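> What the sequence shown shows, in UniProt numbering, is residues 1 to 596, in sequence order.
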Amino acid sequence: MLIREYRVVLPITVEEYQIGQLYSVAEASKAETGGGEGVEVLKNEPFDNYPLLGGKYTKGQYTYKIYHLASKVPSLIRYIAPKGSLEIHEEAWNAYPYCRTVITNPTYMKENFCICIESLHCPDNGNQENAHELPPEKLKDREVVFVDIANDPINAKDYKETEDPTRFKSEKTGRGPLTGDWKETVNPVMTCYKLVSVEFKWFGLQNKVESFIQKTERRLFLNFHRQVFCWIDRWHGLTIEDIRAIEEATKKELDECFVEVAKGGIEIIAVMATKRPRSYLIDCKSVNEYNSRLNAERREERRISMDLQTYTIHYPVGLGKDNKQLQRYYSKRRVTAGKYPIATLPGQYQDWFVSYTPQELKYFPVNSVIYGPVVTDPSKLPPLLTSAEEGSPSESDSESTPSDDENEKTKANDTSSTSSTSSDSEVDGPPPAPTLMKERKPKPNAVCNMCKGSTLSNKNNVPEELVACSDCDNNVHPSCLELTLEMVDVIKSYPWQCMDCKTCVHCNQPHNEDKMMFCDKCDRGYHTFCVGLKIIPNGKWVCRLCAQCAQCGTTEPDENGWQHETIKIISPNGETLRRHHLLCHSCHKQRKAKIM
């Protein structure tokens, strides 16, 4: 869990802020809703006898909202995202001057995701050390961040000249513009103490996601409070009854955006259609008809495209006499031609592709190559690499359609590749030498990056030495990472990396964190596709530097290297689990013979 307290100083009174905050939230809800998606208000009602901040506040206003994010993300994300993952639920208890907001995703993440925002509004300039009365253990983990609505830098996409406190001057109150060290001289003044606790339980992503959410919250606080101050002429003079009326009108307007009409099993969202003028509906119908005609013309009449760089005309499969060469190529090999044999434009769909063997994939792509490196002079390469490189398929940009001579050459190369690599394992080759990095020892006064303790006291108040990352300044207790004493001894023998800097031993890349797994003996990181696995196995997994044959117990593989194998077992509760095994080549052959 990552805890930060944001302190936002404003040139208004605590009573004025209550009106300005509620007004700005209602207006933002309407602005974020459109096209059938956005903010859905389910409840907005008073609450009583609900203790907040140790029982100091017990009654106020309760709201329950659902944020629909499907229209806010790319279409690819909407397609692959699990059901319910794009709906965020928000519960808020407003017992002003104290407020609590809890954001969850109960459908998909359940208890593994939670954002809690506690706000306390006080008439000072941000000098209270523990406004939220945190216990010592939480106060130790809390980080204080000051937010200046006038002087802090703002994202160019968020900037609006009408919402710039350094230029705005209120006509009703005469406040503004805010320049220089305005927080020390302005009157009236108040501070919003916003305590944000973020918890995201997802192995390998927790620290990065929690840090990203905290950065996003700071950006939202900065933009929102700039807006509250610069909208002061809109809400100044309103009463709490006026605000409740605005909230009810907003809820009614948002509810009209979520009228669901079932038709043919498809959900149709009617977005306030009755309030649209007739001319608008006529224009929408005209646009729909034009798009239909354009797509039909594109499918039926404009299937041919021209490369503007080479002036080569590309014909889709099935256009008769203009595509004889490709038709002859497919008929000779008795292969059914698809509609899209080659991608003529970036990102275009292609249904024809070359299948490479696991041995060939170890030489490319460059960013995850296992064998190599490639040198300009082939004579300097070892015999194994030279023959394998000659047998690897090559790319050619001179002609999009393969000729018969090229096919014969490819066939000969494939034969050469097969003969030269027959002695190698198709699953795993000899282990590459890991990248050497400078080893770093903990500083004398270093503290743990997770529990903030030193070598004298860890999270269990027990003395424990720190391990240092070889790439950054982070130090951490082994117990905070749940590392065993055996693993600590191994970690000291090589340049260990922390979770934020962890890279794959094979490709030396930090990307694809969802496919990164860690050895249970040395804590080195490996991508699943770099070691020949399709998915991350359940239970214990060891790398080939720490490997031992699961059948005969040998720690030295033969020339064919280790063979990875994933087996399925049934747990006592009936759940299917996957377990990873490493076998030497001879045991792997015996196991395959038994299965067959």
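Think of the CB as a built atom: it goes at the ideal place given N, C-alpha and C, for glycine as much as any other residue. In this text, all values refer to a predicted model and were calculated from it rather than measured experimentally.
Determine which residues share a DSSP beta bridge with residue 481 and list them.
Partner(s): none; residue 481 has no beta bridge.
> For residue 523, is the classification buried or exposed, using 16 other Cβ atoms within 10 angstroms of its Cβ as the cut-off for buried?
Answer is buried; the Cβ neighbour count reaches 16.
> Tell me whether residue 310 is buried or exposed, calling it buried when 16 or more other Cβ atoms sit within 10 Å of its Cβ.
Answer is exposed; the Cβ neighbour count stays below 16.
> According to DSSP, is residue 195 helix, strand or coil?
It is a strand residue.
> For residue 511, count neighbouring C-beta atoms within 10 Å of its own C-beta (all shown protein chains included) and say buried if the count is 16 or more, exposed if not.
Residue 511 is exposed by the Cβ-count criterion.
> Taking the beta carbon of residue 562 as the centre, do at least 16 other beta carbons fall within 10 Å, making it buried, or is it exposed?
Looking at its Cβ environment, which holds 16 or more other Cβ atoms inside 10 Å, residue 562 is buried.
> Taking residue 471 as part of the alpha helix (DSSP H), name the residues at either end of that continuous run.
It is not in any alpha helix (DSSP H) - residue 471 carries neither H nor E in the DSSP assignment.
> Spell out the partners DSSP gives residue 6 in its beta bridges.
According to DSSP, residue 6 bridges with 145, 194.
> Curious, which full-length alpha helix (DSSP H) runs of at least 4 residues does the segment 108-162 contain?
Counting only runs of 4 or more, we get 136-141.
> Does the separation of the CB atoms of residue 147 and residue 218 fall below 8 Å?
It is a contact, given that the beta carbons lie within the stated cut-off.
> Take residue 251 as the anchor and find which of 197, 356, 45 has the nearest alpha-carbon.
Ranking the options by Cα distance to residue 251, first place goes to 45.
> Residue 558: which of 480, 586, 531, 118 sits nearest, CA to CA?
Nearest option by C-alpha distance: 586.
> Anyone know if the C-beta pair for residue 450 and residue 467 falls short of 8 Å?
No, they are not a contact pair.
> Per the contact definition of three or more C-beta pairs closer than 8 Å, is the segment 197-211 in contact with the segment 106-114?
Counting Cβ pairs under 8 Å, three or more are found: they touch.
> Output the residue ranges of the alpha helix (DSSP H) runs that lie fully inside the segment 469-552 and measure 4 residues or longer, sorted by chain position.
Entirely contained in the segment 469-552, the alpha helix (DSSP H) runs reaching 4 residues are, in chain order, 485-491.
> Run through the DSSP bridge pairs and tell me what residue 60 is partnered with.
Its beta-bridge partners are 47.
> Counting Cβ pairs closer than 8 Å, one from the segment 52-69 and one from the segment 89-107, do we hit at least three?
These segments touch.
> Using DSSP bridges, identify the partner residues of residue 451.
According to DSSP, residue 451 bridges with nothing at all.
> When you compare only the Cα positions, how much space is there between residue 153 and residue 177?
Between residue 153 and residue 177, the C-alpha separation is close to 16 Å.
> Taking only three categories from DSSP, how would you classify residue 225?
DSSP places residue 225 in helix when its eight states are reduced to three.
> Give the DSSP bridge partners of residue 305, in chain order.
Partner(s): 314.
> Using only the alpha-carbon positions, how far apart do residue 125 and residue 17 sit?
Cα to Cα, the separation comes out at about 14 Å.
> Using 7 Å as the cut-off, classify the Cβ of residue 120 as near or not near the heavy atoms of the ligand PLP, replying yes or no.
In the structure on display, the ligand PLP does not appear, and there are no ligands present to speak of.
> Rounded to the nearest angstrom, how far is the Cβ of residue 133 from that of residue 54, given a contact under 8 Å?
The pair is a contact, with the Cβ atoms about 6 Å apart (cut-off 8 Å).
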